[in-house]
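Heads up: the structure comes next, in structure tokens.
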Amino acid sequence: MDGEEFSVENPSQLLQSASDYVNYPGVPNDVAAKEFLDLFPLPVIINALQTKSEVPGLEATLVACLERIFKTKYGASFIPLYMPFVQVGLTADSQLARCLACKTVSCLLENIDEKTISAAQLIIDNGVYPLLLDCLINGNEQVATASTEAIEKLAGSQKGMEIIFPANNSDDMHLGNLSARCSSLGRVRVLSLIVKLFSVSRDVASAVYNSNLLSLLEAEIRNTDDTLVSLSVLELLSE
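Start counting the sequence shown at 35; every next residue gets the next number (this note's numbering).
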């Protein structure tokens, strides 16, 4: 994806075309996405994102462009082929890139044809879920929100629920164990995720209950050592 064959000789042309695509009125559609990708294939866009970030405005515009592309069925159909790009994005120093990667996972979960491929299995095979959790805890507010939304969508399938609610309570990815390792801000974000998961569906609410995650909320409310977290939990419960 980052070879010379995909390099951009004139990034300003890509920047202008991407800007035009991003600002095109209306809901993203397959026709417009295909037309853009026929001009600038995904490897070219990704290469520019990884190697030309010093060009003013290029990173933000390409991130917005890819987000718009992946919201279409046509664009999302490419995501399974670009899971390594998603992995890199989730661990990037750039908060824009991390946010895009989280949103790309959401697009995968929303648009994939489960009859041909399992989005949850792709997430397992590529180690995406732990990276989403890292984005939740350590990303900026936009990244944390995008990660939460992706995990909520992951909870929409049985296999996704098995990822989020491991049978082994000592699993490192168990939300209770994750919360125990976090800073105050990280704990609030994990607790916010738990509250949101509880409202996804009856099955997910049962999984939250059976995983003893509601007790985390109760414990934080009673916690007199960190008033800020306690107040944040009360605010979450009032939403």
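Heads up, the beta-carbon is just placed ideally off N, CA and C, and yes, glycines get one too.
Just so it is clear, the structure is predicted and the values come from calculations on it, not from any experiment.
When the options are compared against residue i, the one with the closest alpha-carbon
i	options	result
ALA94	LYS107, LYS105, ILE79 and ASP147	ILE79
LEU251	PHE232, LYS187, THR138 and ASN44	PHE232
PHE104	GLU88, MET195, LEU73 and VAL56	VAL56
GLN50	PRO59, LEU96, LEU212 and ASN81	LEU96
MET207	LEU165, ALA184, SER217 and ASN63	LEU165
ALA184	SER226, ARG223, CYS141 and GLN121	CYS141
LEU48	LEU143, SER217 and LEU92	LEU92
VAL139	SER128, ASP127, VAL122 and THR150	VAL122
LEU143	ALA131, SER128, TYR163 and ASN202	TYR163
GLY210	LYS137, LEU225 and GLU196	LEU225
VAL81	PRO114, PHE119 and SER128	Looking at the sequence shown, residue 81 is not Val but Asn. Ranking the options by Cα distance to ASN81, first place goes to PHE119.
VAL65	ARG102, PRO114, SER245 and THR150	ARG102
ALA239	ARG221, ILE198 and ASN202	ILE198
LEU124	PRO90, GLY161, LEU76 and GLU148	GLY161
ILE146	LYS187, ASN174, ALA98 and SER249	LYS187
LYS86	ILE158, ARG132 and GLU43	GLU43
CYS99	GLN129, SER111, PRO90 and LEU134	LEU134
GLN192	PRO45, SER235, PHE70 and LYS68	SER235
ILE158	PRO59, MET117 and ALA180	MET117
SER46	PRO90, SER217, ARG221 and LYS68	PRO90
Residue i: first and last residue of the uninterrupted alpha helix (DSSP H) it sits in
i	result
LEU134	129-145
THR182	175-188
LYS68	64-73
ASP168	162-172
PRO77	76-85
ARG215	No alpha helix (DSSP H) contains ARG215, which DSSP labels as neither H nor E.
ASP205	Element bounds for ASP205: n/a, residue is neither H nor E.
PHE119	117-124
GLU196	192-198
VAL61	From DSSP, VAL61 is part of no alpha helix (DSSP H); its letter is neither H nor E.
THR150	THR150 -> no alpha helix (DSSP H), and no H or E assigned at all.
GLU43	That residue, GLU43, is in no alpha helix (DSSP H); it is neither H nor E in DSSP.
THR95	92-104
Buried or exposed by the 16-neighbour rule on C-beta atoms within 10 Å, applied to residue i
i	result
GLY37	A caution first: GLY37 carries a pLDDT of 47, below 50, which makes its placement in the model unreliable, though a value can still be read off. Exposed.
ALA253	exposed
ALA214	exposed
THR106	buried
VAL61	exposed
GLY109	buried
LEU73	exposed
VAL242	buried
ILE286	No statement about residue 286 is possible, as the shown extent of the chain runs from 35 to 273 and does not include it.
LEU115	exposed
ALA201	exposed
SER245	buried
Presumed contact (8 Å Cβ cut-off) between residue i and residue j, rounded CB distance
i	j	result
LEU167	LEU212	6 Å
ARG223	ALA178	5 Å
MET195	ASP127	That belief does not hold up - the Cβ atoms of MET195 and ASP127 are roughly 32 Å apart, past 8 Å.
LYS230	THR182	6 Å
GLN176	GLN129	7 Å
LEU170	LEU227	6 Å
GLY173	ARG132	5 Å
LEU76	PHE112	6 Å
Cβ of residue i within 7 Å of any chain B Cβ
i	result
THR138	As a matter of chain content, chain B is missing from the structure shown, which is built from one protein chain.
Going along the chain, which unbroken runs of the alpha helix (DSSP H) with 4 or more residues stay wholly within the segment 226-253?
If only uninterrupted alpha helix (DSSP H) runs of at least 4 residues are considered, those enclosed by the segment 226-253 are 236-244.
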